[in-house]
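Enquirer: Protein sequence lines, in the order shown, are assigned to chains A and B. Residue numbering for the first sequence follows my numbering, starting at -1 and increasing by one per position. Residue numbering for the second sequence follows my numbering, starting at 2 and increasing by one per position. Beta carbons: idealized from backbone N, C-alpha and C, even for Gly. Just so you know, these numbers come straight off a predicted model, no measurement behind them. Supplied in structure tokens, the structure appears directly below.
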Amino acid sequence: MVLRSTGNLLRQLYSADPKVIVLGCPETSAARARPASALHWYGCKLVEGDHYVLTDYGQAESALPPALCTLEIPPTNIWALWAPHPIEEHSLHALQAWWKKAGGSETPVPYIVGNRAELDAALLERALRETSRFQHSNQLLMRDLAALRESWTHHVRIPPELEELFATLRMGRPRLVFNSPLPGADVDVPAYPMEPDASDTEPCLSQRLPSSARGWLGIDLHIADPGRGAGCLCARIEASDTGTVLAQWRVPFDLLCKGWLPLRLPSPSPCTSRSLTLKLWANGGEVAPRLSTCSAGVMHEYRLAPQSPARPDERDAATMLAMKLWGGLPGIRSLSSEENGEFRPDAEATVPIPDTVVGKVHLTREQSATYPVFGYIEQGKVLLRPLKTTSSAAVISLPATPGLIEISCEVMIDDKRCQTRRLGARLVVTPHEIGPDDAESGQNVLAATEWIELNEPLAPSRLVARLPLAQNRPVDLHLLTRLPEPGPIPPHGRVVFGRFEAEIHAASAWGMAAVLPVAERRTALP
Amino acid sequence: MNMGNVQREPWLCPPAGERLHDPSSDGADVKVAVIVPAYGQPSLTAEALHTALGQVTDFNYAVVIVNDGCPHPETDEVCQTFAATCPGRIFYLHKRNGGLSAARNSGIDFALAAFPDLEAVYLLDCDNRIGPHLLQRLLTALRKADASIGWAYPDVDKFGFAEFADTSGPYSPLEHLFRNFCEAGSMVSRRMLDAPLRFDTEMRQGVEDWEFWLHGLERGFRGVHVADAGFAYRRRGESMLVAAERDFTPILRYIRNRHPRLFGIRNVLAFETEARSRYAIYHPDTGLVRCFTGENNVTTLTVSDYITRLLRARLRPAYGHCPGQLVVMSNSLCETLAAQSLLAGVLWTLERGLARSALVTCSIRDRLHDDRLLAWSDGTIVQEQTDRFRLTSNQTHILAVEASFLVEHASLRALDLLALPRQPGKRHHAIELELAVRGAPADLEPIDEAFTGLCRDIAVAGGGANPADWKSAMPNTYRLQTALPRDVYPELFNLSSAFACGSSDARPLAALVLASGAPESVATAERLALTLIEAGWQVHLVTLARELTLAPGRAKCFSQIIALPLPELLSRTWTRSYQGTPMPCFDHLDTDDAISTLAGYHRVVSVDGGVTHTLMGALRRLKVETWALLGYGERHQATSQTVNACAAFEQAYTHIVVGNAERLRLCRAFGMPSAKMRYWPDRNTDLECEELGVKPLIAHATAPKSRQAA
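What follows is the structure, given as structure tokens:
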């Protein structure tokens, strides 16, 4: 069989528009009526032997040019081959056979023999099928877009230059965001050969974390006993509100040692989950490790599950895992803290000095006045007004902080009515029990700042005292203030210290390198 | 049944024999329907639907999209697309625009009609998202709850401009009156829908969800918080702007007018009484702490449990769990005061002092003249510039302080009574009072050391409970507080507080107010009390005088005696003149205190006029019945002056009671309407009401309960 058409018609026949090919010439006007629609209609007529010609529907044969093109490939997107009269059925079968031979059998062309109503029913059916298909694909597309848009909430997009800037400004350092009370007891890590599922609390320790996922960098767990044998301590962080696993770690027993175990993400998490739960279990080995616990105090929602059977469900006895939580700027890799996937030994982290420590500040040179001149104010702030003749002095005793390398704080005049300029403030770090005179004169000090001058009320200045060597023992922070020159105490000269922070040296603070997860990417809860 | 503004959908009445939904089809076992009103934001709607389809549940659920006549064709396309591709899961309703409430109602009505096994609906706005376990967790919570639980609400994790609204803690009806902590993205139980509760279609300016929950509360339902549900609320610049610019005043006024019973002062007091959230009385002699608002509903805790609650109030939301006012008083003194019906009044006096001062102390004397029941002496105001102050008395037997203020300082440093700093926002550093009470224990121990010990215990227990240490667990602090009356009453009633007298429809109370403690006024009050008790009332005696003379055994007709000599104790009084008659007046704070004292009663009776007249207008506005007795106790004034003083406030009174014909005529002469007048004969008068042409006191003295029964 040969199918031919005019050259002008070729472009239309191979367009994506839906088409109907009508065999023979319709006799009735109703059948001939060519509906105005997106559907393109073509006529197909046997001209001689097995030669057929495709024309625009209704085009007279005589109007055809003498030179016609032979079609080697069937036209595109034919919705129906329609033979209005049974007499054309033979042609229809011939066309069908050619179609199959030239175009393959994957997309058979529907053929209809019968009146217009039957054709319309077939076209309608096809149209509905097409609508449904488009709706499905459209819905999939919309859901993909929804998922994509949602994923933006959980990711950060920061140019490398900006990351570098953060590193240079030392803004990307890990920061202690939660520090539990000191360890008081310990608990066995349950041995379990498999990975527990989300609802399974029996085979593992389950500890809700007092932190959300955004900016979460890692956790230090306190190992009381590292266990024995060729086993692994397994840890997993779950986000129960979003139903995902943030990360999972496997630490061989022989890597564990007594003390703090740092589990870290490569960078602070950009996820936005609000509820994190740590699950822990041991896999293999002879004796499972033991982890230190401490009192959860009045926050019994952070109790460890299951609680020790020796202490049943008593609120006062609620215990939690001893832990430190670390955070940072989401998505910002701390360049100085990581090298080839491992934390560099000179990495540093920031530890805010707790308000309870600052709140125990006391004077080291007596002051008296009929108005407040010294005292802990609130939110980690200390008032220390300068005296008439000698410098005012107070001290904060800082408990032992492993790897302490720097102490800093902010100082300012917190009364905008103050008109006095050049009020002096200074921070000195000494070992315990050093008096204010020695601290001020530089005797036996570990580090000290210069006197800085405060010239503008409410403008904070930063005092930074860098220690030459990391310290692991308790130290004293001496706060000193003075007038520009001896004389009467000026009105409103309220000098206030605040935002006390320590920097720690990672290599000195932890006995081992930080452990990175085995699977970092977010997955759905098993 | 009153359906309010609820619009019923036509499909609720299908033709006879027809069912909307074939039980054998996919929807037959649907337990939860997610109602998604769609208007605008088509791509965000797709996001909401995407999360709705991603639910992990062990029950069947359906999603009902209600296109609220959105003019954008894209909205229809998105809804149609999702519905077409999830037959049996998503159902699509397209209605004429009627607002968010109407759209939600349409979805609810459809779900009730289409899904016979429906247990709850979840309300998902078209720009929000839900975590994969939300439906399961909320429905599980509803299934576990008792029949009073009407809805389950999640925390609100706002994304975009991120913020976390921690809505955790036990549900507090009291808190819900002044703060909407239940987002619309909550699950409503079938029992509440069958009540039937629907959204108010008149509310088109937002906050309709608050009204809906309050409607549920009014019907006796409560909410339950579900942790980690995974509700995410989209917060864009535009929505923040809308929220910031929205004028809440008319909206809140509308809501309160819609629910006058719920927002009535007696109902608010009943919620507060149920919460036991006003006073914590620490008894050093027993080591126990009593928490209550009204004396009849008390929780007793050990001091360590109380300290735990106090410390937790700074760390976890649980409104009303820890009373905001701490009183230190021995149990024996407390019992003595309670036995003489004086405890509530003494606590109320301390509370009024606390409104002005960081600390209120009181020393107790047991020496009283004659038949006096109690006597206050002048209050002393301590006004110090530094953090330490001096008290004139070294015998403090009662102390009152705001608990959160105390714990803030006690957890940081060793604290004693004299080292409590001045509280920001308070007028005075301390107020010292002295009270003589008949029958007070002679061997009362000062409470100074007990107070220091309590502070020490707080410091010890608070070692691991410093909010700064748990900052990472507290994304915001707006619901972290102990409960104080100032959270509620200023906003709802423009009063600093309200005395928890305990009046309710089931137990109506009348307050007989004495402006002076004159014996004849007291005698009149006693006689009236007996009359009212006969009529089914309970009676409190409220005196604004410094002393009260009442012989032993005569106080029994009063179920509480409140002695609040405001000007003498806490500030000063002044006088105005009305047509030549001197009228004593309170200053602003004292007026507020006096009105707060009386606002909770069903009926307030001015027994001897005086300053009491000035309070009645405000009380009337608070739906209190106001009565005046004329000429029964004001022996020091001429009758014409008495009547003239009352006439100045005649409009504020529901009824004015006279005891003889002369006063009645005088009242009429001063223009008081006859319909307002009531006759309660003096002891020596035996005229009949008919003779005078006025109604008797007793016919209208019937208590609300008796009236209801009638």
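Is the stretch 279 to 291 of chain B in contact with the stretch 246 to 260 of chain B, if contact means three or more CB pairs nearer than 8 angstroms?
Expert: No, because fewer than three Cβ pairs between the stretch 279 to 291 of chain B and the stretch 246 to 260 of chain B fall closer than 8 angstroms, the two stretches do not touch.
Enquirer: Name the chain A residues that come within less than 7 angstroms of B:H134, Cβ to Cβ?
Expert: Here residue 134 of chain B refers to the residue found at position 133 of the second sequence. G241, listed in chain order.
Enquirer: State the Cα-Cα distance for the pair B:C323 and A:A446, rounded to the nearest angstrom.
Expert: Taking the first residue of the second sequence as 1, we reach residue 323 of chain B at position 322. Taking the first residue of the first sequence as 1, we reach residue 446 of chain A at position 448. B:C323 and A:A446: Cα-Cα distance of roughly 46 angstroms.
Enquirer: Are three or more beta carbon pairs between the stretch 216 to 234 of chain A and the stretch 349 to 363 of chain A nearer than 8 angstroms?
Expert: Judged by Cβ distances under 8 angstroms, the stretch 216 to 234 of chain A makes no contact with the stretch 349 to 363 of chain A, as fewer than three pairs qualify.
Enquirer: Taking the beta strand (DSSP E) that A:F176 falls in, what are its first and last residues?
Expert: Residue mapping note: residue 176 of chain A aligns to position 178 of the first sequence, counting from 1. That run of the beta strand (DSSP E) goes 173 to 177.
Enquirer: Between which residues of its own chain and B:L135 is the CB-CB distance below 8 angstroms, once the five residues before and five after are set aside?
Expert: On the second sequence, residue 135 of chain B is found 134 positions in, with the first residue counted as 1. Answer for B:L135: Q56, Y123, P155, A230, G231, F232, listed in chain order.
Enquirer: For A:M(-1) and B:T82, I'd like the C-alpha separation in whole angstroms.
Expert: Counting from one through the first sequence, the residue named residue -1 of chain A turns up at place 1. Counting from one through the second sequence, the residue named residue 82 of chain B turns up at place 81. Cα to Cα, A:M(-1) sits roughly 44 angstroms from B:T82.
Enquirer: Mind checking A:L481: buried by the 16 CB within 10 Å criterion, or exposed?
Expert: Stepping through the first sequence from its first residue, residue 481 of chain A is reached at position 483. Per the 10 Å Cβ criterion, buried.
Enquirer: Determine the DSSP secondary structure at A:Y50, reduced to helix, strand or coil.
Expert: As a working mapping, residue 50 of chain A is identified with position 52 in the first sequence. Strand.
Enquirer: Would you mind sorting A:L160 into buried or exposed? The rule is 16 or more other CB atoms within 10 Å of its CB.
Expert: For the purposes of this step, residue 160 of chain A is identified with residue 162 of the first sequence, where counting begins at 1. Per the 10 Å Cβ criterion, exposed.
Enquirer: Note down, one range per segment and in chain order, each beta strand (DSSP E) of at least 3 residues found wholly within the stretch 422 to 502 of chain B.
Expert: 429 to 438, all fully within the stretch 422 to 502 of chain B.
Enquirer: Drop a sphere of 10 angstroms on the beta-carbon of A:K386, count the other beta-carbons inside from all chains shown, and report buried for 16 or more, exposed for fewer.
Expert: What you label residue 386 of chain A is simply residue 388 of the first sequence in a count that begins at 1. Burial call: exposed.
Enquirer: Suppose contacts are defined by Cβ-Cβ distances below 8 angstroms. Is A:L1 in contact with A:Y40 by that definition?
Expert: Along the first sequence, one-based indexing puts residue 1 of chain A at 3. Along the first sequence, one-based indexing puts residue 40 of chain A at 42. Cβ distance not < 8 angstroms, so A:L1 and A:Y40 don't count as in contact.
Enquirer: If contact means a Cβ-Cβ distance below 7 angstroms, which residues of the stretch 271 to 283 of chain A contact chain B?
Expert: R272, S273
Enquirer: Identify the continuous beta strand (DSSP E) that holds B:K145 and give its terminal residues.
Expert: Residue 145 of chain B sits at position 144 when you count from the first residue of the second sequence. B:K145 -> not in any beta strand (DSSP E); alpha helix (DSSP H) instead, spanning 135 to 145.
Enquirer: Is there a C-beta anywhere in chain B that falls below 8 angstroms from the one on A:D412?
Expert: Counted from its first residue, the first sequence places residue 412 of chain A at position 414. Cβ-Cβ to chain B under 8 angstroms: no for A:D412.
Enquirer: How close, in whole Å, do the beta carbons of A:G227 and A:E284 come, if the pair is a contact with beta carbons under 8 angstroms?
Expert: Within the first sequence, the letter at position 229 stands for residue 227 of chain A. Within the first sequence, the letter at position 286 stands for residue 284 of chain A. Taking C-beta atoms under 8 angstroms as the contact rule, A:G227 and A:E284 qualify, at a distance of about 3 angstroms.
Enquirer: Quick check on B:G618: does DSSP put it in helix, strand or coil?
Expert: Residue 618 of chain B sits at position 617 when you count from the first residue of the second sequence. It is helical.
Enquirer: Report yes if the C-beta of B:L421 is less than 7 angstroms from at least one heavy atom of the ligand SAM; otherwise report no.
Expert: As far as ligands go, the structure on display features none, and thus does not contain the ligand SAM.
Enquirer: Give me, in chain order, the residues of the same chain whose beta-carbon lies closer than 6 angstroms to that of B:A629; leave out the 5 immediate sequence neighbours on both sides.
Expert: Sequence index remark: in the second sequence, residue 629 of chain B carries index 628 (1-based). Excluding sequence neighbours, B:A629 sits near S607, C647, Y654, I657.
Enquirer: Start and end of the alpha helix (DSSP H) containing B:F92?
Expert: As a first step, residue 92 of chain B must be located in the second sequence, where it is residue number 91. Unbroken run through B:F92 is the beta strand (DSSP E), 91 to 96; no alpha helix (DSSP H).
Enquirer: Who are the Cβ neighbours of A:R313 in its own chain at under 7 angstroms, not counting the five residues just before and after it?
Expert: Translated into the one-based positions of the first sequence, residue 313 of chain A becomes position 315. For A:R313, the predicted model reports a pLDDT of 43, less than 50, meaning its position is unreliable and no value from the coordinates is stated.
Enquirer: Exposed or buried, what is B:A359 when buried is set at 16 or more other beta-carbons lying within 10 Å of its beta-carbon?
Expert: On the second sequence, position 358 is the one that residue 359 of chain B refers to. Burial call: buried.
Enquirer: Measuring alpha carbon to alpha carbon, tell me which of B:L54, B:V31, B:L140, B:S173 ends up nearest B:F111.
Expert: Your numbering for residue 111 of chain B matches position 110 in the second sequence. Looking at the Cα atoms, B:V31 is the closest of the given residues.
Enquirer: Among A:S35, A:Q94, A:A61, which residue has its Cα nearest to the Cα of A:L21?
Expert: Taking the first residue of the first sequence as position 1, residue 21 of chain A is located at position 23. The candidate whose alpha carbon is nearest that of A:L21 is A:Q94.
Enquirer: On the DSSP letters alone, give me the boundaries of the alpha helix (DSSP H) that B:Y633 sits inside.
Expert: If you number the second sequence from 1, residue 633 of chain B lands on position 632. Looking at the DSSP string, B:Y633 is not in any alpha helix (DSSP H), and its letter there is neither H nor E.
Enquirer: Leaving aside the five residues before and after B:E176 along the sequence, list all residues of the same chain whose C-beta is less than 6 angstroms from its C-beta, in chain order.
Expert: Against the second sequence, residue 176 of chain B aligns to sequence position 175. The residues are Y320.
Enquirer: My guess is that B:A314 and B:S405 are in contact by the Cβ rule of under 8 angstroms, so how many angstroms apart are they, rounded?
Expert: On the second sequence, residue 314 of chain B is found 313 positions in, with the first residue counted as 1. On the second sequence, residue 405 of chain B is found 404 positions in, with the first residue counted as 1. Confirmed, about 7 angstroms.
Enquirer: What three-state label does DSSP hand B:F165 in the structure shown?
Expert: Counting from 1 along the second sequence, the entry for residue 165 of chain B is found at position 164. Of the three classes helix, strand and coil, the one that applies to B:F165 here is strand, per DSSP.
Enquirer: Using a cut-off of 7 angstroms between C-beta atoms, extract the partners of B:S1 located in chain A.
Expert: Here chain B covers residues 2 to 711 and nothing more, so residue 1 of chain B does not appear.
Enquirer: Cutting at 7 angstroms between CB atoms, please list the residues of its own chain near B:G217, excluding the five before and the five after it.
Expert: Taking the first residue of the second sequence as 1, we reach residue 217 of chain B at position 216. Closer than 7 angstroms at Cβ, skipping near neighbours: G151, W152, M193, L198.
Enquirer: Name the residue from B:V383, B:A376, B:G325, B:F650 whose alpha carbon lies nearest to the alpha carbon of B:E352.
Expert: Sequence index remark: in the second sequence, residue 352 of chain B carries index 351 (1-based). When only C-alpha atoms are compared, the closest one is B:G325.
Enquirer: Give the C-beta separation of B:Q384 and B:E403 to the nearest angstrom, bearing in mind that I take them to be a contact with Cβ-Cβ under 8 angstroms.
Expert: What you label residue 384 of chain B is simply residue 383 of the second sequence in a count that begins at 1. What you label residue 403 of chain B is simply residue 402 of the second sequence in a count that begins at 1. That pair is no contact at about 18 angstroms.
Enquirer: Under a three-way DSSP split, which group does A:N442 fall into?
Expert: Looking up residue 442 of chain A in the first sequence gives position 444. Reduced to three states, the DSSP call for A:N442 is coil.
Enquirer: What residue range does the beta strand (DSSP E) around A:W77 cover?
Expert: In the first sequence, residue 77 of chain A corresponds to position 79, counting from 1. Where A:W77 is concerned, the enclosing beta strand (DSSP E) starts and stops at 76 to 81.
Enquirer: Could you tell me which chain A residues have their CB closer than 8 angstroms to the CB of B:T82, listed as they occur along the chain?
Expert: Position 81 of the second sequence, counting from 1, holds the residue named residue 82 of chain B. Per Cβ cutoff of 8 angstroms: Q133, N136, Q137, M140.
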